[in-house]
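First the structure, in the form of structure tokens, and then the observations on it.
2 protein chains.
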Amino acid sequence: MRKIMLPVVAMLLLLSTMLHAQEKVDMGMMQKIKDEEKNNSQITTIAHNITDVCGPRLTNSPGYKRAIDLITKTFRDWGLVNTGPEAWGEFGRGWSTEKSYVALKQPYYQPMIAYPVAWTNGTKKQITAPVILLDKLDSANIDKLGADLKGKIVMVKTANINLRSAAKAYSTRYEDSVLNKMPDTYMLNRKQIDYFVPLVNNEYKTTLYLQSKGAAALLKSNSSGRDGTITVDGTSAYAKGYDAPLPELVITREDYLRLQRMVTDKENVQLEMDVQNKFYDDDLTGYNVVGEIAGTDPNLKNQVVMLGGHLDSWHSGTGATDNGAGCIVMMEAMRILKTLGVQPRRTIRIGLWGGEEQGLYGSFGYVKNHYGDPKDMKLKPEQKDVSAYFNLDNGSGKIRGIFLQNNEAVRDIFKAWLEPFADMGATGITSSNTGSTDHLSFDAVGIPAFQFIQDPLEYETRTHHSNMDNYDHLSIDDLKQAATIVAAFVYNAAMRDEMLPRKPLPQPERFIFETDTPF
Amino acid sequence: MRKIMLPVVAMLLLLSTMLHAQEKVDMGMMQKIKDEEKNNSQITTIAHNITDVCGPRLTNSPGYKRAIDLITKTFRDWGLVNTGPEAWGEFGRGWSTEKSYVALKQPYYQPMIAYPVAWTNGTKKQITAPVILLDKLDSANIDKLGADLKGKIVMVKTANINLRSAAKAYSTRYEDSVLNKMPDTYMLNRKQIDYFVPLVNNEYKTTLYLQSKGAAALLKSNSSGRDGTITVDGTSAYAKGYDAPLPELVITREDYLRLQRMVTDKENVQLEMDVQNKFYDDDLTGYNVVGEIAGTDPNLKNQVVMLGGHLDSWHSGTGATDNGAGCIVMMEAMRILKTLGVQPRRTIRIGLWGGEEQGLYGSFGYVKNHYGDPKDMKLKPEQKDVSAYFNLDNGSGKIRGIFLQNNEAVRDIFKAWLEPFADMGATGITSSNTGSTDHLSFDAVGIPAFQFIQDPLEYETRTHHSNMDNYDHLSIDDLKQAATIVAAFVYNAAMRDEMLPRKPLPQPERFIFETDTPF
């Protein structure tokens with residue numbers, strides 16, 4: 001058998017090489033990258049530092065600043081150049097919780113799981129107050145309650161009284177068969193944004209109105225949360241001119257439904273709470289953090305291959321999967337390449353962005369400063385020197401392929417780049433778009449920008465923006481695989497003769513996440 | 001086809017009737033029971049009252065007393081007779097939490113999910129203290145730390161650093177095919193108990209030693225907990241002569257592992273906590289609650305058919321699936337029968353038990369008072385008048401069949417009784433034993449006592465003894481099905497000419513859960 005089979009295998013290998021004859025891949029270097037990650041991975045250390053040690057990384061808040069400092073130091077220790085924080089413009093205020101205590105006090109005592117919504121006020125002191133049920137969060141319903149609202153803890157009636165089912169697994173992986181057929185994912189269009197932003201701003205204004213009527217606090221919950229997991233984000237009050245609303249607390253779905261049943265029963269339900277939040281006004285500037293491995297080819301070293309993800313997080317967890325994971329992987333990819341002593345022809349630059357959760361602000365600001373503004377499409381000279389930007393921000397799942405973002409010209413290149421990693425599960429190439437994260441900022445000014453396809457694991461079901469977005473919900477093996485593949489992609493992009501082919505320049509328009517008002 | 005098939009179906013039906021010719025089932029009444037539950041179910045009301053309204057029902061604690069009062073009133077409202085609390089002997093002290101606040105204070109602030117272990121002390125006042133890691137919870141390791149322990153929050157090193165997988169569904173149901181082959185379940189033998197109790201008592205004594213050395217608190221976690229769900233039980237300090245140990249707090253697995261990583265890293269980790277617990281010494285007596293529908297056959301009304309489950313719960317949830325579910329179903333079965341105005345030949349008696357979680361104390365005490373002590377097998381005259389005891393205590397899952405508890409003589413009877421409910425999924429009869437709950441107290445003195453087979457749902461994986469054991473984790477449809485079937489079983493047992501056949505009387509021995517020391 002062996003004698004017969006060998007020539008067939010050789011022929012197939014030759015055929016495969018011919019098909020991508022134009023795209024050379026340095027298989028020796030691919031193996032070195034795999035070996036470095038397999039034998040000397042620093043993923044657990046980086047992950048522990050970014051999550052446990054820094055704590056929550058809400059933009060412009062102490063944990064975010066700890067992360068910027070820690071990463072700057074790490075980059076320097078690794079020997080990266082041109083590293084450090086880089087201001088991108090005005091973000092607004094930082095915010096953190098200094099104390100958060102919420103409990104059911106009447107008709108009996110029980111501690112409750114609760115987290116303050118970011119950029120809301122605290123209660124000033126410990127309070128004990130009755131819970132009141134509002135039919136709908138609007139000014140008419142607030143007015144209907146009148147003076148009854150004063151000093152009360154408000155909750156808004158929900159009609160959705162069943163927990164999400166536990167009969168399906170919370171953590172899943174993609175079947176191989178779907179990878180090449182991945183549809184557009186996380187895409188929002190201008191119309192959706194223009195519909196969505198006024199709603200959010202309207203809710204924000206209603207909470208200010210509720211505050212003006214003397215309500216003590218507002219309780220919230222998320223219909224998909226269960227088991228002690230709750231999803232918490234923030235208000236617009238990070239931005240200058242936006243006042244902080246009354247204390248808003250997210251509690252478990254189970255407690256929310258219990259309180260609703262009890263208040264509906266006309267029981268005397270009282271909560272005890274002590275919530276102290278702090279705003280940071282000292283520096284409203286937003287920062288990213290960057291670092292480079294300098295290019296070595298005299299003709300190409302002014303060209304750049306970029307990789308990144310957002311560093312900021314929400315605050316009830318430690319932003320492990322959103323988007324510690326992306327930062328950990330991109331940092332580890334840089335470490336692998338630096339440790340291997342690669343001499344890239346183009347410069348390799350990592351950018352970890354702030355303010356993503358409020359509207360991709362950090363990456364958009366960076367692009368605007370360096371490459372141009374999509375609104376008028378007046379591009380800066382550096383725009384033409386960025387070969388590609390690679391992003392990671394869909395949780396802790398390993399890389400299963402890549403979204404082409406409708407750039408069909410890169411298909412065969414990426415096919416060749418993925419081939420050495422087929423045995424690690426990364427085989428998918430889909431022409432679709434994926435949205436809602438920082439590659440959009442680059443894509444908007446015509447720079448080839450890509451987000452990888454990642455196994456979903458429990459990202460959408462459990463960790464995304466939740467109090468369970470912490471180290472122990474990371475899949476370390478998945479992150480190792482992703483770092484290996486990202487290092488390879490970045491290396492290939494830095495070494496090939498040509499930059500990556502580009503799509504036609506988009507029409508000038510407002511950047512998709514740019515709005516008149518913050519949200 | 002139809003003409004040919006019909007006689008075959010008729011023949012099969014006839015055959016089926018003949019096989020159980022000796023066991024008559026009143027199919028009209030079965031239908032009435034089904035209809036009453038389908039059209040007028042009170043399951044949601046009872047469930048809401050037992051869980052949300054009463055709160056946690058830790059034995060001899062305020063929530064347990066609220067439940068006894070509420071159920072007594074409910075039974076009276078329904079027209080049950082001989083109802084009310086019934087003392088069974090000395091249990092010990094009640095206990096409740098009046099305040100429970102735990103947060104990470106250094107190196108950054110974040111609130112933590114935590115619940116005090118029952119029958120432990122509080123912190124007296126709010127404290128901020130460093131966390132220290134003990135290699136093992138024993139006196140040698142405590143001595144090794146010496147004066148370093150004073151004022152510290154202690155945690156014990158765990159080697160198990162991975163979360164339970166989320167790749168399997170948390171809520172499951174049995175395949176039909178396994179129902180007749182269910183193995184022995186939840187069974188503990190004397191050897192296991194005699195091994196287990198000294199371990200528990202040793203841990204208890206070690207915590208007293210830790211307290212004597214001045215440690216501020218002990219942190220615990222459960223290796224199977226995740227997502228914000230934590231499992232909390234209690235110490236032996238409910239019993240007279242057992243001192244309360246230092247504050248013990250159960251925290252999430254995620255926080256526990258985070259703290260362990262940070263303390264191992266030699267970071268300065270400090271927690272802020274304020275835990276106020278209260279002991280209730282005013283009445284050490286343990287109580288069950290009972291109620292009856294009186295028998296009407298002059299020759300049989302002194303005989304009794306019993307149904308029940310334990311009413312007490314742990315305290316971090318509201319004991320919805322353990323064992324609110326069993327109480328709700330048994331109460332609803334009584335309500336169905338009373339509402340239908342059945343005239344049972346035998347007396348039907350419901351008993352809801354206390355102190356089950358500490359060792360089946362309430363049911364055992366009841367049996368000892370009324371029917372005899374398994375230690376000497378000196379039986380009281382009433383023992384011979386109990387036809388059967390039916391128990392429910394395996395969560396919120398619907399009834400899929402019944403454990404015969406090795407009493408093969410009842411197999412054909414139960415087969416006939418289950419037949420009208422095959423379309424509701426209850427088809428399984430297994431000769432196996434199931435343990436760890438109150439039917440054992442009856443079984444131990446020779447009374448036919450049975451636990452139903454129930455779909456597992458998320459009982460073992462999520463709710464059992466956890467902070468998620470609350471109303472919203474009940475499956476209302478499953479409880480309705482169970483109430484229907486229990487009402488039918490109890491009715492059948494009360495109406496048939498003979499009592500249920502008995503197994504030979506067991507040999508005198510210590511009751512399985514009876515130990516020299518509480519645990």
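First to last, the protein sequences are chains S and A. Heads up: the first sequence is residues 1 to 519, going by the UniProt record's numbering. Heads up: the second sequence is residues 1 to 519, going by the UniProt record's numbering. We put the CB at the ideal spot given by N, CA and C, even for glycine.
Please return the same chain residues whose Cβ sits closer than 7 Å to the Cβ of ALA215/S, not counting the five positions on each side in sequence. Annotation for ALA215/S: LEU149, LYS152, VAL154 and LEU246 place their beta carbon closer than 7 Å to its own, counting only its chain and skipping 5 residues before and after.
Less than 8 Å between the C-beta atoms of VAL289/S and TYR491/S, yes or no? Not a contact, by the Cβ cut-off of 8 Å.
For ASN391/S, count the other beta carbons within 10 Å of its own beta carbon; 16 or more makes it buried, fewer makes it exposed. Which is it? Flag for ASN391/S reads buried.
Please report the straight-line C-alpha distance between GLU509/S and ASP373/S, rounded to a whole angstrom. Distance between GLU509/S and ASP373/S, taken at the CA atoms: about 9 Å.
VAL269/A and VAL275/A: beta carbons closer than 8 Å? Between VAL269/A and VAL275/A, the CB-CB gap reaches or exceeds 8 Å.
ASP135/S in three-state terms, based on DSSP: In the three-state DSSP reduction, ASP135/S falls in the coil class, being neither helix nor strand.
Short Cβ contact (8 Å threshold) for GLY395/S with THR321/S: The answer is yes: Cβ separation under 8 Å.
Alpha helix (DSSP H) segment containing PHE442/A, residue limits: Note, PHE442/A: alpha helix (DSSP H), 439 to 443.
How should PRO92/S be labelled, buried or exposed, when 16 other C-beta atoms within 10 angstroms of its C-beta is the threshold for buried? Reading off the sequence, residue 92/S comes out as Gly, not Pro. Sixteen is the threshold: when 16 or more other Cβ atoms of the shown chains lie within 10 Å of the Cβ of GLY92/S, as they do, the residue is buried.
Any idea what DSSP makes of HIS315/A, helix, strand or coil? DSSP places HIS315/A in coil when its eight states are reduced to three.
Would you say GLY51/A and ASN470/A are within 8 Å of each other, going by their C-beta atoms? What sits at residue 51/A in the sequence shown is Thr, not Gly. The criterion of a C-beta distance shorter than 8 Å is satisfied by THR51/A and ASN470/A.
Where the region 490 to 515 of chain S meets chain A: residues whose CB sits under 7 Å from a CB there: Within the region 490 to 515 of chain S, no residue has a Cβ that lies closer than 7 Å to any Cβ of chain A.
Are there 16 or more other CB atoms within 10 angstroms of the CB of PRO56/S, so buried, or fewer, so exposed? Residue environment analysis places PRO56/S among the buried positions, since at least 16 neighbouring C-beta atoms fall within 10 angstroms of its C-beta.
Assuming contact is defined by CB atoms lying nearer than 8 Å, are ALA239/S and PHE279/S in contact in what I supplied? No, the pair does not count as a contact, with Cβ atoms beyond the cut-off.
Give a yes or no on whether 8 Å exceeds the smallest Cβ distance from HIS48/A to chain S. Yes, its Cβ sits closer than 8 Å to a Cβ of chain S.
Would you please state the rounded distance, in angstroms, between the beta carbons of GLY446/A and LEU179/A? I believe it to be under 8 Å. With a contact defined as Cβ atoms closer than 8 Å, GLY446/A and LEU179/A miss out at about 27 Å.
Unbroken beta strand (DSSP E) run spanning HIS88/A, endpoints: Looking at the sequence itself, residue 88/A is Trp, so the reference to His does not match. Run containing TRP88/A: 81 to 90, per the beta strand (DSSP E) assignment.
Beta-carbon contacts of GLY409/A that lie in its chain and below 6 Å, excluding the five residues immediately before and after: Residue identity check: residue 409/A is Ala in the sequence provided, not Gly. Excluding sequence neighbours, ALA409/A sits near PRO501.
Helix, strand or coil at ALA237/A according to DSSP, with G and I counted as helix: ALA237/A: coil per DSSP, three-state reduction.
Collapsed DSSP secondary structure at THR59/A in the structure displayed: Three-state DSSP puts THR59/A in coil, outside helix and strand.
Please confirm if the region 83 to 92 of chain S is in contact with the region 198 to 208 of chain S, defined as three or more CB-CB distances below 8 Å between the two stretches. Between the region 83 to 92 of chain S and the region 198 to 208 of chain S there are fewer than three inter-stretch CB-CB distances shorter than 8 Å, so the stretches are not counted as touching.
Against chain A, does GLY55/S count as a neighbour if the rule is that its beta carbon must be under 8 Å from one of theirs? At least one chain A Cβ lies under 8 Å of GLY55/S.
Along the region 164 to 193 of chain S, where does the CB come closer than 9 Å to a CB of chain A? Name the residues. So the list reads SER165, ALA166, ALA167, LYS168, ALA169, TYR170, SER171, THR172 and ARG173, given in the order they occur along the chain.
Output yes if chain S places a C-beta closer than 8 Å to the C-beta of PRO420/A; else output no. For PRO420/A, the answer is no, since every Cβ of chain S falls outside 8 Å of its Cβ.
Who are the near neighbours of HIS20/S in its chain, counting only those whose CB is closer than 7 Å to its CB and skipping five residues on each side? In this predicted model, HIS20/S has a pLDDT of only 47, less than 50, meaning its place in the structure is not dependable enough to derive any value.
Could you give the uninterrupted runs of the beta strand (DSSP E) lying entirely in the region 85 to 127 of chain S, keeping only those of 3 residues or more? For the region 85 to 127 of chain S, whole beta strand (DSSP E) runs of length 3 or above, ordered along the chain, are 94 to 106 and 114 to 116.
Short CB-CB distance (under 8 Å) between MET334/S and chain A: Not one chain A Cβ lies under 8 Å of MET334/S.
Let me know if ILE292/S comes out buried or exposed under the rule of 16 or more other beta-carbons within 10 Å of its beta-carbon. It is Glu, not Ile, that sits at residue 292/S in the sequence shown. The residue in question, GLU292/S, is buried, as its Cβ has 16 or more Cβ neighbours within 10 Å.
Return the residues of the region 107 to 128 of chain A that lie within a Cβ-Cβ distance of less than 8 Å from chain S, sorted by chain order. Cβ contacts with chain S come from PRO107, TYR108, TYR109, GLN110, PRO111, ILE113, ALA114 and TYR115.
Check each candidate in GLN260/A, TYR108/A and ARG253/A and name the one with the smallest Cα separation from LYS65/S. For LYS65/S, the nearest C-alpha among the options comes from TYR108/A.
Taking only three categories from DSSP, how would you classify ASN391/A? In the displayed model, ASN391/A falls within a strand according to three-state DSSP.
Using only the alpha-carbon positions, how far apart do PRO344/A and LEU300/A sit? In this structure, the CA atom of PRO344/A is about 9 Å from the CA atom of LEU300/A.
So does the region 479 to 490 of chain S actually touch the region 245 to 261 of chain A, counting three or more Cβ pairs closer than 8 Å? Counting Cβ pairs under 8 Å, fewer than three are found: no touch.
Anticipated Cβ contact below 8 Å, THR229/S with MET468/S, distance rounded: MET468/S and THR229/S do touch by the CB rule: their CB atoms are close to 5 Å apart, below 8 Å.
Measure the C-alpha to C-alpha separation of ILE251/A and LEU271/S and round it to an integer number of angstroms. Spanning the alpha carbons of ILE251/A and LEU271/S requires a straight line of approximately 22 Å.
Go to GLU292/A, then tell me how far its alpha helix (DSSP H) extends in each direction, as first and last residue. Element bounds for GLU292/A: not the alpha helix (DSSP H) but the beta strand (DSSP E), 285 to 293.
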